[in-house]
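Worksheet for the structure shown next.
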Ligand SMILES: Cc1cc2nc3c(=O)[nH]c(=O)nc-3n(C[C@H](O)[C@H](O)[C@H](O)COP(=O)(O)O)c2cc1C
Ligand code: SF4
Ligand code: FES
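Protein chains in written order, with the numbering used here: chain A, 247 to 569; chain B, 73 to 519.
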C-alpha cells in the first residue's frame with residue numbers, strides 16, 4: 247500500500263493505482279474531470295487532458311515537484327506523493343484552457359442535442375469554461391452520418407476521446423480502423439459502420455461523453471430530464487440484461503446501461519455490465535422488463551436535481567488531514 | 073578544412089557500392105566490434121564518446137542504450153529513424169543517398185551492441201528512391217556476409233529491413249514510429265513505459281536517428297578517446313548541418329562542433345554569406361521546431377561572446393536569448409523576408425501534422441494557424457498577438473508528445489523577438505499584402 251495526499255486529504259491505496267482512481271476513492275470535488283479515460287476500456291485515457299493535476303511532491307524518496315502537469319488518469323501514485331487538483335491555480339488555468347480548446351470547434355448546439363443534460367462537456371464547461379469565446383474563426387465542420395440504422399454520428403460534437411474506438415476494438419469482433427485523417431480533421435469513421443453488425447456496438451453511445459454518438463431510436467423524442475430513469479433487468483442470452491430504462495409515463499423511451507457517478511457502466515459480478523443491442527434498441531415494451539424501481543442517477547445536475555444520491559463505486563472511508 | 077568523419081569519402085565515384093566503400097575503409101568497424109569487442113564494450117565506447125542523439129533532442133546515445141531492458145528470451149529491436157520530415161532538415165537524406173553503407177555499417181555495430189537480431193530502417197515515404205538505394209546496399213551486405221546468419225563467424229545474426237512510412241511527420245516521433253511499424257495508425261504512445269522497456273511488439277527497443285547510428289562507425293574505428301578530442305567538451309564530434317534559406321551556398325555540411333556561427337554562415341568553406349548582398353535578419357538553427365533568433369543574437373550571445381555551433385552554445389540563454397541545435401536544420405532569413413509569414417507557414421505545417429489525439433495540440437495548432445493566416449492576409453488585430461502568445465503557452469507541456477511543444481515554440485519565439493513585425497502587419501494590412509518579401513517575381517502574396 248502507498249500513501250498519497252490529494253488536495254490535503256490523505257489516502258492509502260494499492261500500488262499501481264492511478265491518481266485519478268485514488269481521487270475517486272476519496273470522492274467529492276477532489277476528483278478531476280475525465281473525458282476520455284474509461285476504466286473498463288483498456289488503454290483509454292491520456293487524450294483529452296482535462297484530468298491534468300499538479301504534482302507538488304513526487305514521492306517520499308524523491309519529493310521534487312514535477313515540472314509539468316500530469317494526466318491523473320494515466321499517472322500512477324508513488325508513496326508520499328502530494329497532488330494538487332482543486333487547490334492548484336495552475337491546474338485551474340490549464341484545465342480552463344483545455345476546456346476552451348475542446349469548445350472552439352464544438353458547434354455548441356446543446357438546444358438540439360440529445361446529450362444535453364447528461365453531457366460531460368456541458369459539465370466541464372460549467373466548471374471550467376469561460377463566459378465568452380475568444381475564437382473568431384470559422385469552425386471546422388463535418389456532415390452528420392448514420393452509422394448503421396441505430397446510431398447517429400455528429401462528428402462536429404466529437405472530442406476524439408477514442409472511447410468508441412476502444413469499444414469497437416475490445417467489445418466487437420473485427421476492428422478495421424478507428425480514426426481517419428489527422429489533427430483537427432481527424433474523424434471517427436467507417437470501421438464503426440462495420441462494427442455496427444456486432445451485438446454490442448450500441449455501447450459506443452453509452453461511452454460517448456458528448457452528443458457525438460446518439461441513439462437513433464431515441465432521437466429527438468424527449469429531453470432526458472423529462473424522463474424517469476428506472477433500474478430494470480431482463481433475461482437475455484447475449485448480455486446480463488442489467489439496464490436503466492428511461493420512462494415517460496408508462497412508456498419506455500430509451501434503454502441504456504447503468505452508469506455510475508463517472509458516467510461509466512456499472513460492474514456486475516466483477517464484470518462491466520455492457521448491454522447488448524437487442525436490449526438497447528429492440529426491447530422497449532415495459533412488459534419485457536422487470537422494473538426494480540427508480541434509478542439513483544449520476545451527478546448530472548439537471549437530471550438528478552439533487553434528489554438522488556450519487557453512487558460512487560470506489561468510495562472508501564478516508565481520514566482527512568488538512569495539510 | 074574541417075575534419076570529416078562521416079562525409080569524408082562522399083565524392084568518391086561509386087561510393088554507394090559495397091566494393092568501393094570497402095576499399096575506403098568500409099566495414100572495418102564491424103570487423104573490429106564483432107571480432108575484438110564484446111557488446112558491452114561497444115556500448116561503453118559509445119557512452120564514453122559523449123555522442124548525443126542527432127535526431128533533435130540530443131539525448132546521450134550511450135545512456136539510451138544502457139537503459140535498454142534485457143529480459144531473458146525476449147527479442148530486442150533497433151530502429152533507425154529515417155523519417156526526416158522536419159522543415160529545414162535534409163541531412164539524413166543526403167547521407168543515405170550517398171553513403172548507404174555507412175548507415176548499414178553503423179546499424180550492424182549498434183545492433184550487435186544492443187543484442188538485436190532484427191533491425192529496421194523506418195524511412196520517410198517520400199524518400200522512395202532512397203529506399204531502393206538502401207535495399208540494394210543491404211542486398212550487397214547480405215551477399216558479402218555482413219548481414220544474415222553468423223556474421224564474420226562471430227555467431228551474431230542480424231536481419232536488416234527497410235520499412236517506408238506513409239508520409240506523416242508525426243511518425244518521426246519514436247513511439248508513433250513504432251505504432252506505424254506495427255501497422256497501426258501513427259499515434260504517439262503515452263510514456264512511460266518507454267520504448268527501452270516496451271517498444272516494438274511490446275519488446276525492448278532503441279530508436280536512433282540515421283546520423284547517430286552512422287556516427288557509431290567513426291567512434292568504433294577511432295575509439296572514444298580520440299573522438300572526444302573533436303568538438304567541444306559537451307558536444308563531441310562532428311555534426312551534419314543542412315543549411316538553407318537565402319545563403320550564397322546552402323547545402324549539407326559536416327562541421328566540427330564548436331566552430332563559430334559566424335564562420336559557418338560567412339566562411340568560405342561553408343555557406344559564404346547571405347546571397348544578393350543582403351543582411352541577415354533571423355536564424356532558425358535547428359529545424360522548424362526550435363526558437364528563431366533575431367540578428368543580434370545569431371553570431372553573439374546575449375553576453376557578447378561568440379555563439380558557437382554546439383548544443384550548449386546554441387541553447388545558451390534559454391529561450392529568452394537562445395535556441396537549440398535540434399536536428400541541424402539551419403534556416404537563414406534575410407532582411408527582405410517575413411518572419412510573420414514564415415511563422416504562419418510553420419503553424420500551418422504543425423496543424424496539418426498533428427495526429428489529433430490530444431486536445432491542446434489538435435485544437436490549438438489549428439487555432440494558431442487560422443489566427444496567423446488572418447494576420448498575414450491583413451485581417452489581424454492587436455489582440456490577436458497576445459491571443460497567439462496565450463494559446464501557445466496553453467499547448468506547451470500539456471500534450472502527449474513533443475509535437476505540441478514544437479508547434480508552440482516557434483510562434484512564441486517569433487512573437488518574443490519580432491513583435492514589432494506582427495504589429496506592422498496589423499497596422500499596415502494593405503502594404504503587408506503588396507510586399508514581395510524577397511520571393512521570386514510574380515509570386516502571389518495572398519495565401
Ligand atoms: C513530432 C516529432 C517528429 C520527430 N521526427 C524525427 C525525425 O524525423 N527523425 C529523427 O531522427 N527523430 C525525430 N524525432 C525525434 C525522435 O522522437 C527520437 O527522439 C529520435 O529519433 C531519437 O534518436 P536520437 O537519440 O538518435 O536522436 C521526432 C520527434 C517528434 C516529437
Ligand atoms: S501532441 Fe499532437 S501530435 Fe503529439 S500526441 Fe498530441 S495531438 Fe498527437
Ligand atoms: S481523462 Fe485523463 S487525459 Fe482524458
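No residue lacks a Cβ here, since even glycine has one placed at the ideal position from N, Cα and C.
Since the structure is predicted, the reported quantities are computational estimates derived from the model, not experimental observations.
Asked	Found
Near ligand 1: residue 279(B) beta-carbon under 7 Å from a heavy atom	yes
Residue of 444(B), 128(B) and 255(B) minimising C-alpha distance to residue 158(B)	128(B)
Heavy atom of ligand 1 within 7 Å of residue 508(B) beta-carbon	no
8 Å Cβ cutoff met for residue 404(A) and residue 434(A)	yes
Cross-strand partners of residue 340(A) (DSSP beta bridge)	None, per the DSSP bridge assignment.
Residue(s) in a DSSP beta bridge with residue 248(A)	259(A)
DSSP state of residue 561(A) mapped onto helix, strand, coil	coil
Per-residue burial, residue 434(B) [other beta carbons within 10 Å of its own, 16 or more giving buried]	buried
Residue 342(B) in three-state terms, based on DSSP	coil
Euclidean distance between Cα positions of residue 148(B) and residue 410(A)	33 Å
Distance between residue 345(B) and residue 371(B) (C-alpha atoms, nearest Å)	13 Å
Per-residue DSSP class, three states only, for residue 402(B)	strand
Helix, strand or coil at residue 92(B) according to DSSP, with G and I counted as helix	helix
Whether residue 407(B) touches residue 350(B) by CB criterion (8 Å)	yes
Three-state class that DSSP yields for residue 501(A) in the structure shown	strand
Three-state secondary structure (DSSP) of residue 153(B)	strand
Proximity winner among 315(B), 472(B) and 176(B), relative to residue 99(B) (alpha-carbon distances)	176(B)
Nonlocal neighbours in the same chain, by C-beta distance under 6 Å from residue 478(B), ignoring five residues either side	361
C-beta contact flag for residue 324(A) and residue 304(A) at 8 Å	yes
Same chain, Cβ closer than 7 Å to residue 523(B), five either side skipped, listed in chain order	The requested residue 523(B) does not occur in the structure, where chain B is confined to residues 73 to 519.
Cβ neighbours of residue 522(A) in the same chain (closer than 8 Å, five flanking residues each side left out)	445, 446, 448, 482, 484 and 485
N- and C-terminal bounds of the alpha helix (DSSP H) containing residue 412(A)	409-417
Best match in 115(B), 187(B), 256(B) and 209(B) for proximity to residue 233(B) [C-alpha to C-alpha]	209(B)
CB contact check: residue 405(A) to chain B, cutoff 8 Å	yes
Contact set between residue 314(A) and chain B, taken where Cβ atoms lie within less than 7 Å	469
Heavy atom of ligand 3 within 7 Å of residue 293(A) beta-carbon	yes
Cβ-heavy atom distance, residue 195(B) to ligand 1, below 7 Å	no
Inter-stretch contact (C-beta, 8 Å, three-pair minimum) for the region 305-312 of chain B and the region 205-220 of chain B	no
Chain-ordered residues, beta carbon under 6 Å from a heavy atom of ligand 2	242(B), 260(B), 426(B), 427(B), 428(B), 429(B), 430(B), 433(B), 434(B), 471(B), 472(B), 473(B), 475(B) and 476(B)
Contacting positions in the region 245-261 of chain B - beta carbon closer than 7 Å to chain A	257
Contact set between the region 363-394 of chain A and chain B, restricted to residues whose Cβ is under 9 Å from the partner	380, 381, 382, 383, 384 and 386
Per DSSP, the bridge partner or partners of residue 391(A)	399(A)
Sequence-distant residues of the same chain with beta carbon closer than 8 Å to residue 224(A), five excluded per side	The structure shown does not extend to residue 224(A), since chain A is modelled only from 247 to 569, so the question has no answer here.
Partners in chain B for residue 514(A), counting only beta-carbon separations shorter than 8 Å	Result: empty, since nearest Cβ-Cβ is about 30 Å, beyond 8 Å.
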